[in-house]
Structures are given as structure tokens and as C-alpha cells.
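Down below is the structure, laid out as C-alpha cells.
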Amino acid sequence: MGSLNILLCGGDPLALQKIAHQMRKESLNVKIIDPLRDASAFEEKIWDFLLIDLDGLSSFMRSLLPAINEDFPKLPIIGISHRYGVTAEKLIAEMGFELDGYVFGIPHPEDLIVSFPHIAARYLADTGSLPPKADTGPLPRTPDTRPLPRKPDTRPLAI
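FYI, in this note's numbering the residues of the sequence shown are -15 to 143.
Okay, here's the thing in C-alpha cells:
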């Protein structure tokens, strides 16, 4: 299977470096961008996701999200937060704009893939069907971490 291609942006360069480092450890292709300076990065290759570190995101960068969504409607936009006690509803109220999904912490590649059917289809087409995994029981969930979909044709992340 090929590696997921992730664009990553946010307001805190150090936090973005840490997130990118962790994701690269999971064999993801991650590029940190500034949507203003790196606008051409969106057309550089086929990107699977735009992940946005919502903690410390400036209001100006927040205002660019609707335009990015309009220009690249098939690019899922996922918000990441590390704040304790925050809910998806609170993030939506703060953002003033619903994203395709919200995660609390750094997402794992398999969570991203299975949450978006068009991404899953692309990666499963590369590998064929996946072998069954041993039953390890249900994944633990923390309270109030359910992500919300933005569009009727997308699914929230199941983390």
C-alpha cells in the first residue's frame, strides 16, 4: 500500500513539527504548509487529507478554510485539537465553519483511511482486500470525542 499524502497547517510551527514527526513515524508523507505562502502545494500532487492544528490557529487562517474547501471540495479537511475537555461542538462554534472531521490527538493512518470511503477505495485498490485482524476487542473511546461530518456525503472519523 502506498503512503497517505497529508498536508498539515496551523498556527504553531513547533507543534506542527511534532505532529509531522509523529505521523512520519507511521510512514505517512507529510508536508507542513502555510496556506498563504504555499498555495501551490495544494496542486503539487494528489493529497489525501488537509489536517489543521486548531489549537492556536489564527482567525485569518481560519477565514481561509471555506475558500480552500470551495477550491478543493474532494480534499477532506480534518481538525486536530489537543485541548483537554474540548468537544467537537465547541470546536465548530469556535471555528464558525464545520470541517469533515475532528480528532483529539494525532490520528492513525487506518482511522483516516476507513473514515473516508473514497480514500479507502484508492488504497484498497492498490493492495486488494485486507487480511482479517485478530479480534482485540473494541477500541476505547473517550467521552465527547465524536467527530461531526460537514457534508452529507462524508463520514466522521471513528476514533
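Yeah, the Cβ is synthetic: ideal placement off N, Cα and C, and Gly gets one too.
Here the structure is a predicted model, which is why all the values come from computation and not from measurement.
Exercise for the section: Can you say whether Phe44 is buried or exposed, counting buried as having 16 or more other CB atoms within 10 angstroms of its CB? Expected result: exposed
Practice task
Only counting runs of 3 or more residues, tell me where the beta strand (DSSP E) segments fall wholly within the segment 28 to 99, in order along the chain.
Solution key: 33 to 37, 61 to 65 and 85 to 88
Exercise for the section: Express the C-alpha separation of Val87 and Pro50 in angstroms, rounding to a whole number. Expected result: 19 Å
Practice task
Mind the definition here: the segment 29 to 40 touches the segment -10 to 0 only if three or more C-beta pairs lie below 8 Å; say whether that holds.
Solution key: yes
Practice task
Give me the Cα-Cα distance between Leu(-12) and Pro(-3), rounded to the nearest whole angstrom.
Solution key: 22 Å
Exercise for the section: Spell out the partners DSSP gives Gly(-6) in its beta bridges. Expected result: Asp37
Problem - Identity of the residue in Leu48, Leu12, Ala4 and Gln1 nearest Pro93 by Cα - result: Leu12
Handout entry: Given Tyr200 as reference, the closest of Gly89, Leu59 and Ala(-1) once Cα atoms are compared
Key = The structure shown does not extend to residue 200, since the chain spans only -15 to 143, so no value can be given for it.
Handout entry: Beta-carbon proximity check, Pro60 vs Asp84, cutoff 8 Å
Key = yes
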